[in-house]
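First up is the structure itself, then whatever we jot down about it.
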Amino acid sequence: MSTLQPAAPAPKKIDYSSDQQVRWCPGCGDYSILKQVESVLAVHGRPKEEIVFISGIGCSSRFPYYLDTYGMHSIHGRAPAIASGMRSVQPNLSVWMITGDGDSLSIGGNHLIHLLRRNVDLNVLLFNNEIYGLTKGQYSPTSPEGAVTRSTPMGSTDHPFNPLALCKGADATFIARSMDRDPKHLREMLLRADAHRGTSMLEIYQNCNVFNDGAFEVFTEKASKAEHTVFVENGKPLLFANGTKGIKLDGMTPVAVDIAAGEASVEDLWVHDERDSFKASILVRLFDDPRQKGALPRPFGVFYVNDRHTHETKMNAQVALAKQKKGPGDLDALLRGENVWTIG
Amino acid sequence: MSTLQPAAPAPKKIDYSSDQQVRWCPGCGDYSILKQVESVLAVHGRPKEEIVFISGIGCSSRFPYYLDTYGMHSIHGRAPAIASGMRSVQPNLSVWMITGDGDSLSIGGNHLIHLLRRNVDLNVLLFNNEIYGLTKGQYSPTSPEGAVTRSTPMGSTDHPFNPLALCKGADATFIARSMDRDPKHLREMLLRADAHRGTSMLEIYQNCNVFNDGAFEVFTEKASKAEHTVFVENGKPLLFANGTKGIKLDGMTPVAVDIAAGEASVEDLWVHDERDSFKASILVRLFDDPRQKGALPRPFGVFYVNDRHTHETKMNAQVALAKQKKGPGDLDALLRGENVWTIG
Amino acid sequence: MDTIQTPRPKTTEIRENVVILFAGDSGDGIQLTGSQFTESNALFGNDVSTFPNYPAEIRAPQGTLAGVSGYQLHFGSVDVFTPGDVCDVLVVMNAAALKANLNKLKHGGTIIANSDGFDTKNLRLAGYPDIENPLTDQSLDNYVLHSVDITKLTRLSLEDTSLGMKEKDRSKNMFVLGFINWMYSRSLERTKLFIENKFKTKPELLDANLKALQAGYNYGDTSETFTTRYEVKPAPMPKGNYRNITGNQGIAIGLIAGAQKAGLELFYGSYPITPASDILHELSRNKHFDVKTFQAEDEIAAICSAIGASYGGALGVTASSGPGIALKGEALGLAFMLELPLVVVNVQRGGPSTGLPTKTEQADLWQAIHGRNGEAPIPVLAASSPTDCFEMAFEAVKLAVEHMTPVILLSDGYIANGAEPWRFPEAKDLRPIKPPFATPRETTDAEGNPLADLETFLPYDRDENGVRPWAVPGMKGLQHRIGGIEKEDKTGNISYDPQNHQLMTRLRAEKVERIADTYRPIRLDSGPESGDVLIVGWGSTYGAIRTATQVLQKEGHSVAHVQLRHMFPFNKGLGGLLKRYKHVLIPEMNSGQLRQLLRAEYLVDAHGLNKVQGMPFTSDEIRVGALNLLNK
Amino acid sequence: MDTIQTPRPKTTEIRENVVILFAGDSGDGIQLTGSQFTESNALFGNDVSTFPNYPAEIRAPQGTLAGVSGYQLHFGSVDVFTPGDVCDVLVVMNAAALKANLNKLKHGGTIIANSDGFDTKNLRLAGYPDIENPLTDQSLDNYVLHSVDITKLTRLSLEDTSLGMKEKDRSKNMFVLGFINWMYSRSLERTKLFIENKFKTKPELLDANLKALQAGYNYGDTSETFTTRYEVKPAPMPKGNYRNITGNQGIAIGLIAGAQKAGLELFYGSYPITPASDILHELSRNKHFDVKTFQAEDEIAAICSAIGASYGGALGVTASSGPGIALKGEALGLAFMLELPLVVVNVQRGGPSTGLPTKTEQADLWQAIHGRNGEAPIPVLAASSPTDCFEMAFEAVKLAVEHMTPVILLSDGYIANGAEPWRFPEAKDLRPIKPPFATPRETTDAEGNPLADLETFLPYDRDENGVRPWAVPGMKGLQHRIGGIEKEDKTGNISYDPQNHQLMTRLRAEKVERIADTYRPIRLDSGPESGDVLIVGWGSTYGAIRTATQVLQKEGHSVAHVQLRHMFPFNKGLGGLLKRYKHVLIPEMNSGQLRQLLRAEYLVDAHGLNKVQGMPFTSDEIRVGALNLLNK
Ligand SMILES: Cc1ncc(C[n+]2csc(CCOP(=O)(O)OP(=O)(O)O)c2C)c(N)n1
Ligand SMILES: Cc1ncc(C[n+]2csc(CCOP(=O)(O)OP(=O)(O)O)c2C)c(N)n1
Ligand code: SF4
Ligand code: SF4
Ligand SMILES: [Mg+2]
Ligand SMILES: [Mg+2]
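Protein chains in written order, with this note's numbering: chain E, 1 to 344; chain B, 1001 to 1344; chain S, 2001 to 2632; chain U, 3001 to 3632.
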């Protein structure tokens, strides 16, 4: 992991961008994510050749072309499997996986949940724009019910995934959410994700201004942001609306309370604990439709962290152990096998 | 759903079994599941031709051959997709899906979670034997870490799925667990699953006595069962060890308490509520390794029920609505299109 | 340079056919301009053929070559089979559009350029050498250049609207459309109707677009520089009712027509992919035809859901493009083993792997015919034009349903997006389609006691065509189990018996071979029954080959043309036909896949003409290819 | 009938070769008996060939035909290439085993039957007509029948052990093994060693098995009914060190050897499937050779993880069987586009779809060669015997690594599980394998300022063989981006340019064609350089064809035999060779897939001999096929 590397004389941020012209639509949320990723890479100043970006297919998955690191723009939905194989034989590089809501939750859903349970050490950036961008606007597994898209003129009938609830169900060891329109928070989340050993799942709300403009407006726009978002921090109470409101647990059910109006005091509020698996499974379920009144705010931040062993550490340990037990492979012994007989 | 059918003069149970010889290994847990399913079918006495069993590939997936209903033994992992298409055009039959832990959680994982979020109305019986049976004993996504199998001579390094936690994460609307060795409970769970409208996910612990014998012994054998299992019932407190112990919630963390020893009284115990999504996400996580001391007992029963609309009802509603708006399709109008010109 | 003045008399010249290419930024509304002008000409009675050519990026950076979107239209008073090899007129909205397309303009051709799109920024983005402006330097002297500040003129025409600059500029394409309609003596009526209907709900935009359209038209009338208009008379097309249709529309409509004729629900399970997605979009708008569209989680689920639907008694259909079809191979084998109806459409694109998603190619023929494990022959059809997409889609449904087999239909990006006039049929004239449903039966007597003499239902008992009965869940007394493991003849029970496997392998193959008995006898598209060269085409090469053959024949060469629509099994007359010519030439947008199949089947030393550039053949490329053979 | 008495002198007869088939319930330990007796004979110096034949169910119901497991062994003092067409001796543990296999016994052959397995229950399960016992009625008069109550004798021999009846009966197979060793004059030493080692930790079972083994041996010595023993002298095999090897072992060892020779880690990504799983099991036991095995969630993840590993600088390998390979098509296209090393093994089984999982077939050749979207030629190899599996696996690694391309290796269930003696090589004698790694480079000067004159690294710049450099993440100064979209020549940047697509398509194809330059010149396996019939085989048909050709040649016919190991690209000498014979005969366990490829490539009117029964050819079937041609 990059965090473990001696930080060399930090190259300027510019260094990490490639000579390829960025080809997203003007105004696409992907630009700001690219910008923050470049700045985060610069923080560690990890040599370019020690960084790998692997993506699937989609607008978001064009990402690797724009960085002067190693990169693979693979096939639709398969980045987790490719990254797993790559990481299995390259335990010391910094590996990032770039994917979209269709790429990782539709065609790539199975690979994603297996990546998470195996806890392969890499950072997953899930660009969630609740639409298929590259194929020009069909609904995705995260599009809300009723979404009218090119493939659902009468409205989508599918209940959407709650991506982070799914990841929690798959025993992810790092779960966080951020958004394209909050560079500071995004940057922070990227650093946290990068610091975690294991699969870091970072969902990033990303605006597709061409096919699904404003999908996350209530969370990103000044006017509504405070009321509709809660930024969780470890050890801190769940406060929102500029500290005037909070979330408290009544039994196992989270409810919003107005602190200012004295409905409850800060002491009564739910205090965030990144390490509490049970609480995390509830936190990821704070997913009410913001259009409903009385809806709970949408949480952002690091919801859960767990230090389970990573896939490649155990895999390498077994190889080491095998060598220790049997000695480094002797090819002639292998060729001979157990029962040899000689003729002549 | 079968429950909605007028029960015809109930045919004898025998009626439902086909003329094909059952070909599981002697002693395989699959036999008892087959027996209970036949008896449950007999309860409703639904005409054979109105019942369909669709399976993937695996020992368990041989199931459909043994019933004289309609059945398809499809390909590995794809039963959910096939059943979804079939259900989309056959809203009135009783549809059952038979699958194994490899079939549905390894190769079929993505189809399963999408089946659950779409809430297609059918009953999923997941035969979990924590092993690949048909291919002669490789570890599966539910095999415990360290499992020594034909493909993991040094022990499995993968963290296993908690199948029902995964299903909850995928927003399943019915989640339950039972076991091959408890016919009475299994029968009850099958009836509950059949009664639910939407995808009923029933995980069944099944013993593979050839490649993974005794995987669930502690839960199924008299000696240990009481201490290691808790059978949840709606509205009832979580009691186990023949009522001498119970589970109480301390904050959001479930702990086992000894009622007999007066550590707590029944009133303090967690009362099960099938409709509580937050509680359900904790219940499915009661998954400690029974070999650890102080491990919580493994819950069985119906953990969660939710009445979300089913896939096919909405799909059919849109067709009906379209006809209502545009009138039943007029082929000539379609052929003509909008802009016609005539020559000659 | 151009200022508006009082009208002056203008002359009108007659043209037999015209090829015009509109090009600009993806944001410039080029596709709309092109398709609207196409409609006008078609409605007027011209024969037309079009070639929309999008950039791969949704909206590549403005002003760059990568961002150029083009729409080529060929319309004429004579038969038209291709969008044309070279253009007579090139309309460009900016420098990049000119740079990217000048090579397609014939010498002496006309350029209409939006001068505002040639400022220094645009010139740099387009990569013009030290920013020399082609509109002002002498570089375009071999062409007739009209440099018009379309942006300014459009803004002027909208001065009195309250629209912002951005919105005003969005109407540039309407100005162009108006002008072109004037230039080719078309009335604006149809276009106005279209606009009114499109902006029903947005009166402001409606008003603006109509204004810009009219302004463009008037500009032609009044401007000094344009002294002549052109007219292309109606084409002598067969009597009948016509509409325009793209290949993807043709497939969607053909599938619905087939399902309706068969009396079946249409279940379409698919996962979006360029260039096949429009079939999904089209079908999802037609639910009132008992169409159910299912956007699956991936291509495997898409085909499997379609198989499930067919098992459930509906017509299961799935479509994708190369990479997605590759994922369907295993399930296709299941459908083949189950012997259920299934239509699988592959709208081919440039490969391999992700390849060139927005470009056209024919390199998935082998995959269609051989891309499965085991002995699994499946009928493969190929559509040769947008209208033929309808015919072949209907044929695919008929074969799949009546022969209880999966059928693969090949189209490609070129005809999928290209449009042509279609003399559409009447529903009653379409061939009937008869599903071989099994007949439900009583299994008990009145008292509910099992009937004694009832023999077991045989799901794999075949009729004279080798077709098994379609017993659908819910049908009384026909319960049975099917699966992907080898089946016993007739009963369908699992069987590992060696002889039975050989027998079933043969029976399944024979059933598919028999499908060739249903074909019409093979027919030349044009040319002598025997002679020097037979050009064998398949799929979207049709138009280019047809045009080239006509030229060659006019030039007096002994060249014939046959277009294959059944790629497997082949038409029985094909072998004999091939032998009647000195040379056989096979133009393909791949490295010789049909050629390999024909050589193996008929041991004919066919020659290949192969183009793998993501672009369709020009008719001249085919003509030259044939001439090379003739001079051998 | 048989009671133990004092030993009597016995005669010994010499046999040139013997075919013996052990058959019984899946639970009877037949596979163990067979493989152990095989080892004894091999170690003694016989040439051997085996054919294990499992039921599809793990443990089909006891006593049923479905549950019969068989192990056929052919051993001789002469060259042995097949498990034998017909058996000399049939050992059956129950009625079903007899019923299922009697047709394989030659007339006058010997039957050794466990009479205890012929009680009424067993007879009914085996479906004998109204339970007539073949051992007692006259039906087996044409054979030499020895009915022995093996169960009883085994139990007797274990009387003084504390084992339960069930455990005792599990030793039946040891009794049989002991007896057979006696019958063929083999010492028990090796078997004893094996048992001791197997039951190290279970002294009771160890003791019991040794007792039963000895009892079987003694029984032969003492029993009245067996008056003669047989002896098969060592075969005249080339000098050297030998071991037994199955095809799946051969592949696993060949892969490891290749990786070691190339100095690469071996990453094996795979998903279990019959009959390929044993490769995974074998490799997972050899982690100390820097082998990493990854049991993926499905076949797509399996191949993708292998691609990722190759991208990471290891040797990525994946294996499966037909249905699983079908799922890998899309990713295979990616590997082809990326031009990374990758070995894909297909251990073929009966198809299509799930087909006959435990039976053998060769029907995935087309899938291997054509089963992808777009123009994606990939080298395809085929192994012809268990030992050849090693050779071809090593060759696959060499070609994949040195030519930076995915390579497909075809095996099948027959050779995968069959065993034969292998004169194994020494590591030092294996060919070297040189990965075309790019050379890392400095990009900055000592002060860390970027070097001025550094030109950009070109990941798709090819060497004289058209091979690109392998730049692995972590290598300094070589960062680059690759993907499945068409690439610009040399730079590898995305390119939609038509001419570039044509060029890259050609360059990728030429690189693969050039691989044929590395082949040894084509060599006949036997027969005249020209003549009446050339039998062209591929894969596991080798042994049967070789045996048949030898017979035909002895019979004086002009018949030659060539076995293809490179299915694509073909050996350059093949075309010329085919033309030197009147007829070409192609035996295949499919409906004619190689035949189709050869007809297309060489326009040769080859004849097919096709068997699709899930069973290998007998040499006589091939002989008859050739005779029919000769008499044409
Ligand atoms: C196998 C395959 N199926 C389908 C496609 C077409 N396709 C490309 S991207 C995409 C989905 C894009 O949506 P998302 O993953 O959300 O990425 P976004 O464009 O929104 O960033 C699809 C369906 C493909 N390229 N390959
Ligand atoms: C595409 C494909 N891949 C792999 C296989 C081989 N295969 C058959 S069943 C199976 C897994 C069986 O395990 P499970 O689903 O748990 O069922 P069980 O036999 O344990 O009941 C596998 C890997 C196959 N038949 N098809
Ligand atoms: S289509 Fe949407 S997601 Fe894609 S580049 Fe454009 S704005 Fe961004
Ligand atoms: S292998 Fe295991 S799961 Fe399969 S039939 Fe035998 S006992 Fe049952
Ligand atoms: Mg998206
Ligand atoms: Mg299992």
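Ideal Cβ placement from N, Cα and C applies to all residues, glycine included.
Interface flag, residue i vs chain D, CB-CB below 8 Å
i, result
"Ile-1131(B)", "The chain inventory of the structure shown lacks chain D, comprising the protein chains E, B, S and U."
Where residue i falls: helix, strand or coil (DSSP)
i, result
"Asn-3122(U)", "helix"
"Met-1(E)", "Residue placement at Met-1(E) is poorly supported in this model, since its pLDDT is 37, which falls under 50; the coordinates still yield a value, given next. Met-1(E) falls in the coil class under three-state DSSP."
"Tyr-3143(U)", "coil"
"Gly-2556(S)", "coil"
"Lys-1248(B)", "strand"
"His-2607(S)", "strand"
Proximity winner among the options, relative to residue i (alpha-carbon distances)
i, options, result
"Ile-2522(S)", "Arg-2514(S), Ala-2544(S), Glu-2488(S) and Gln-2563(S)", "Gln-2563(S)"
"His-2074(S)", "Pro-2052(S), Ala-2215(S), Tyr-2519(S) and Asn-2493(S)", "Pro-2052(S)"
"Arg-3349(U)", "Leu-3283(U), Gln-3295(U), Tyr-3581(U) and Thr-3274(U)", "Thr-3274(U)"
"Ile-1282(B)", "Ile-107(E), Asp-330(E) and Ala-165(E)", "Ala-165(E)"
"Phe-174(E)", "Pro-91(E), Thr-199(E) and Ser-104(E)", "Thr-199(E)"
"Thr-1253(B)", "Lys-1279(B), Glu-1267(B) and Lys-1236(B)", "Lys-1279(B)"
Nearest-angstrom Cα separation, counted from residue j out to residue i
i, j, result
"Gly-3316(U)", "Arg-2546(S)", "48 Å"
"Asn-2101(S)", "Leu-2266(S)", "42 Å"
"Ser-2277(S)", "Ser-2320(S)", "8 Å"
"Lys-3106(U)", "Ile-3020(U)", "11 Å"
"Asp-3388(U)", "Leu-3410(U)", "11 Å"
"Ala-3056(U)", "Glu-2375(S)", "20 Å"
Spatial neighbours of residue i in its chain, beta-carbon cut-off 7 Å, leaving aside the 5 residues before and after
i, result
"Phe-1211(B)", "Ile-1131, Gly-1133, Lys-1136 and Gly-1137"
Within 8 Å, strictly: CB atoms of residue i and residue j
i, j, result
"Met-3392(U)", "Leu-3399(U)", "no"
"Glu-1203(B)", "Leu-1126(B)", "yes"
"Gly-1100(B)", "Ser-1061(B)", "yes"
"Ala-2097(S)", "Gly-2216(S)", "no"
Cβ shell of residue i (< 6 Å), same chain only, five flanking positions each side left out
i, result
"Phe-3194(U)", "none"
"Tyr-2602(S)", "Gly-2575 and Leu-2578"
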